[in-house]
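K.L.:
Before anything else, here's the structure in question.
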Amino acid sequence: MYYIGTKAECQAYNNEVTQGSNYDMVNCLRWADIVEHKDGVLFAIKAHPDFPSELTQLEQFTEDWFDAE
Amino acid sequence: MNPLLYYLLMKGPSSGGASVPPLLDTYSGALVAYSLRKLSSDYTGNAIKVTPDGSTFTDIGFDSNGELDTASLPSDDNLYVSTWYNQEGTAIHDMTQTSLATMPIIKSGGSVVTVKGKPSVDFATGRSMRMGNTTANKVSVVNKNLTQLLVTNIGDAEGDVEYFCIGTASSKGQWRFSNLAIGQVLQFKSGGQTWDFGYGGFNVDLMDPNIFIVTQGDTGGYINFYQNAENPVTDLVPTVSGTSTHELWTLTNTVSVHTTRSKTSEYILWDGDYDSSVSDINTAVNNYYGTY
Chain L
507 MYYIGTKAEC
517 QAYNNEVTQG
527 SNYDMVNCLR
537 WADIVEHKDG
547 VLFAIKAHPD
557 FPSELTQLEQ
567 FTEDWFDAE
Chain U
30 MNPLLYYLLM
40 KGPSSGGASV
50 PPLLDTYSGA
60 LVAYSLRKLS
70 SDYTGNAIKV
80 TPDGSTFTDI
90 GFDSNGELDT
100 ASLPSDDNLY
110 VSTWYNQEGT
120 AIHDMTQTSL
130 ATMPIIKSGG
140 SVVTVKGKPS
150 VDFATGRSMR
160 MGNTTANKVS
170 VVNKNLTQLL
180 VTNIGDAEGD
190 VEYFCIGTAS
200 SKGQWRFSNL
210 AIGQVLQFKS
220 GGQTWDFGYG
230 GFNVDLMDPN
240 IFIVTQGDTG
250 GYINFYQNAE
260 NPVTDLVPTV
270 SGTSTHELWT
280 LTNTVSVHTT
290 RSKTSEYILW
300 DGDYDSSVSD
310 INTAVNNYYG
320 TY
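Protein chains in written order, with the working numbering: chain L, 507 to 575; chain U, 30 to 321.
Structure, rendered in structure tokens:
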């Protein structure tokens, strides 16, 4: 499952998980990579089971998220 | 007891490990080499670095048979691979991943990921590795005499698309396996050229574990494609022509909406055309993995 929001909201969620997870910051720098919608407005980040958020949930990506190959 | 029988009993079964020369001892000239078995007698490093949580990391090497030392894996139920070491030895070409949710899987639910009994790295959807976070680390090859070996088990659900061995631009290097309504196809790119397998009726069987080998000569843009030493497609003419360097930067990737389920055990890129040795390479690799 993913959370979707603005880039800032997804980055804030990533920071929340990263700071709460005691990563070593050498081999592991962050929780997840942020995925950008093709429209450049919407962003998504993988949900961490221990860090619930009020951001909108997305079960899986649909084709409209990406440019056609 | 017969001395020979005693020797054989004490020696135990041949695992393709210590009793067989590592592959790169026989076939030298690798630019990069990733595997969960030891590929070179000269290599003294580890196979992979693993973590359960992004906090603690453990390097995992090889056992006395040259196989992944699974006994040294931490006891956690789930382990992720943060580094897949390049056994050619150039550290900037190690495959890495610094986002925990994107690291591929080596242990899941308490069990080591395997394909036909051999450890394998699970690149489930959204998981990928590349040579650091800078494209400057890429391998770039002007020479078009190349051989690529890929040992992998790809998902077979319709719609699955799996990407391997990608350059900083897909035109410079990419294997793209697709399970489409028309069948299973492979699009191969290198140095600005594109070749397509499968659209003419040749069926790249993605369903089973496979040993894929592609050899390239430097004249005419032809390549030869081998799958488990069967169904060779030789002297295939490119569908797109172009000139650029061949590149490798990303080992596997999930692009767009597609689901991926690949488990990869080995990838080697040689700076040389080993086409005349393909049968021997296939046999040597298959003797270890039991792929087909």
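C-beta: ideal position from N, C-alpha, C; glycine also.
Since the model is a prediction, treat every value here as computed from it, not as a measurement.
Gln216 of chain U and Asp234 of chain U: beta carbons closer than 8 Å?
P.N.:
Taking 8 Å as the Cβ cut-off, Gln216 of chain U and Asp234 of chain U do not qualify as a contacting pair.
K.L.:
Using only CA atoms, which one of L:Asp530, L:Asn528 and L:Asp570 lies nearest to Val547 of chain L?
P.N.:
For the residues L:Asp530, L:Asn528 and L:Asp570, the minimum Cα distance to Val547 of chain L belongs to L:Asp570.
K.L.:
Along the chain, which unbroken stretches of the beta strand (DSSP E) at least 3 residues long are found entirely within the segment 288 to 318 of chain U?
P.N.:
The segment 288 to 318 of chain U contains these whole beta strand (DSSP E) runs: 290 to 299.
K.L.:
Could you pull the start and end residues of the alpha helix (DSSP H) that Asn647 of chain L belongs to?
P.N.:
Look at the range of chain L in this structure, 507 to 575, and you will see that residue 647 of chain L is not part of it.
K.L.:
Would you kindly check if the distance between the Cβ of Ile195 of chain U and the Cβ of Trp224 of chain U is under 8 Å?
P.N.:
Contact flag unset, no.
K.L.:
Under 8 Å, do Ser157 of chain U and Thr281 of chain U count as touching if we go by C-beta distance?
P.N.:
For Ser157 of chain U and Thr281 of chain U, yes; Cβs fall inside 8 Å.
K.L.:
What are the partner residues of Ser219 of chain U, as DSSP defines its beta bridges?
P.N.:
According to DSSP, Ser219 of chain U bridges with U:Gly202 and U:Gln222.
K.L.:
Please classify Gly220 of chain U as buried or exposed, where buried requires at least 16 other C-beta atoms within 10 Å of its C-beta.
P.N.:
It counts as buried.
K.L.:
Between which two residues does the alpha helix (DSSP H) holding Leu53 of chain U run?
P.N.:
Per DSSP, Leu53 of chain U belongs to the alpha helix (DSSP H) from Leu52 to Thr55.
K.L.:
With a threshold of 8 Å between beta carbons, is Lys67 of chain U in contact with chain L?
P.N.:
It does not; no Cβ of chain L falls within 8 Å.
K.L.:
Hey, Leu175 of chain U and Leu68 of chain U are a contact pair by Cβ (cut 8 Å); roughly how many whole angstroms apart?
P.N.:
Not really, about 17 Å apart at Cβ, beyond 8 Å.
K.L.:
Measuring CB to CB, does Asn3 of chain U end up less than 8 Å from Asp300 of chain U?
P.N.:
Within the shown structure, residues of chain U are numbered from 30 to 321, placing residue 3 of chain U beyond reach of any answer.
K.L.:
Does DSSP put Trp113 of chain U in a helix, in a strand, or in coil?
P.N.:
Of the three classes helix, strand and coil, the one that applies to Trp113 of chain U here is strand, per DSSP.
K.L.:
Have a look at Asp309 of chain U and Ile121 of chain U and give me their C-alpha separation to the nearest angstrom.
P.N.:
Distance between the alpha carbons of Asp309 of chain U and Ile121 of chain U is about 30 Å.
K.L.:
In chain order, what residues of the same chain have a beta carbon less than 7 Å from the beta carbon of Met236 of chain U, not counting five sequence neighbours either side?
P.N.:
Correct list, in chain order: Asp185.
K.L.:
Rounded to a whole number of angstroms, what is the C-alpha to C-alpha distance between Trp204 of chain U and Lys513 of chain L?
P.N.:
Spanning the two alpha carbons is a distance of roughly 31 Å.
K.L.:
Could you tell me which of U:Thr73, U:Leu60 and U:Phe241 sits nearest to Val180 of chain U, measuring between CA atoms?
P.N.:
The shortest C-alpha separation from Val180 of chain U is found at U:Phe241.
K.L.:
Does the Cβ-Cβ distance between Val79 of chain U and Tyr109 of chain U come in under 8 Å?
P.N.:
Yes, the pair counts as a contact, with Cβ atoms nearer than the cut-off.
K.L.:
Please classify Leu209 of chain U: is it buried, with 16 or more other beta-carbons within 10 angstroms of its beta-carbon, or exposed?
P.N.:
Exposed, because fewer than 16 other Cβ atoms sit within 10 Å of the Cβ of Leu209 of chain U.
K.L.:
If you follow the beta strand (DSSP E) that Lys78 of chain U is in, where does it begin and where does it stop?
P.N.:
Ile77 to Thr80 is the span of the beta strand (DSSP E), which, as asked, contains Lys78 of chain U.
K.L.:
Within 8 Å (strictly less), CB to CB, does Leu209 of chain U reach chain L?
P.N.:
It does not; no Cβ of chain L falls within 8 Å.
K.L.:
Report the option in L:Pro558, L:Leu561, L:His554 and L:Glu560 whose CA atom is closest to the CA atom of Asp82 of chain U.
P.N.:
It is L:His554.
K.L.:
Helix or strand or just coil, what does DSSP make of Asn253 of chain U?
P.N.:
Looking at Asn253 of chain U - three-state DSSP - the assignment turns out to be strand.
K.L.:
For a contact defined as C-beta to C-beta under 8 Å, what are the partners of Ala130 of chain U on chain L?
P.N.:
The contacting residues are Trp537, Ala538, Asp539, Lys552 and His554.
K.L.:
Taking the runs of the beta strand (DSSP E) that are 3 residues or longer, which of them lie wholly in the segment 122 to 161 of chain U?
P.N.:
Qualifying beta strand (DSSP E) stretches, in chain order: 134 to 137 and 150 to 153.
K.L.:
So Glu191 of chain U is in the beta strand (DSSP E); what residue range does that whole segment cover?
P.N.:
Val190 to Ile195 is the span of the beta strand (DSSP E), which, as asked, contains Glu191 of chain U.
K.L.:
Indicate whether at least one CB of chain U lies closer than 8 Å to the CB of Cys516 of chain L.
P.N.:
No, because no Cβ of chain U sits closer than 8 Å to the Cβ of Cys516 of chain L.
K.L.:
Taking the straight line between their C-alpha atoms, what separation do you get for Met507 of chain L and Gly250 of chain U?
P.N.:
Their backbone Cα atoms lie some 44 Å apart in a straight line.
K.L.:
Can you tell me whether DSSP reads Ala62 of chain U as helix, strand or coil?
P.N.:
If DSSP states are grouped into helix, strand and coil, Ala62 of chain U belongs with the strands.
K.L.:
Ordered along the chain, which non-local residues of its own chain (more than five positions away) have a Cβ less than 7 Å from that of Asn75 of chain U?
P.N.:
For Asn75 of chain U, where only same-chain residues beyond five positions count, the Cβ hits under 7 Å are Asp88, Ile89, Gly90 and Tyr114.
K.L.:
Against Ser527 of chain L, what residues of chain U qualify as contacts under a CB-to-CB distance less than 9 Å, listed in chain order?
P.N.:
Within chain U, the residues near Ser527 of chain L are Asp82, Gly83, Ser84 and Leu129.
K.L.:
Is there a Cβ of chain U sitting closer than 8 Å to that of Asp448 of chain L, yes or no?
P.N.:
Nothing in the structure corresponds to residue 448 of chain L, since chain L is present only between 507 and 575.
K.L.:
When you compare the CB of Asn521 of chain L with every CB in chain U, is at least one pair closer than 8 Å?
P.N.:
Not one chain U Cβ lies under 8 Å of Asn521 of chain L.
K.L.:
Exposed or buried, Ser270 of chain U, counting other C-beta atoms within 10 Å across all chains shown (16 or more means buried)?
P.N.:
It is exposed - the Cβ of Ser270 of chain U has fewer than 16 other Cβ atoms within 10 Å.
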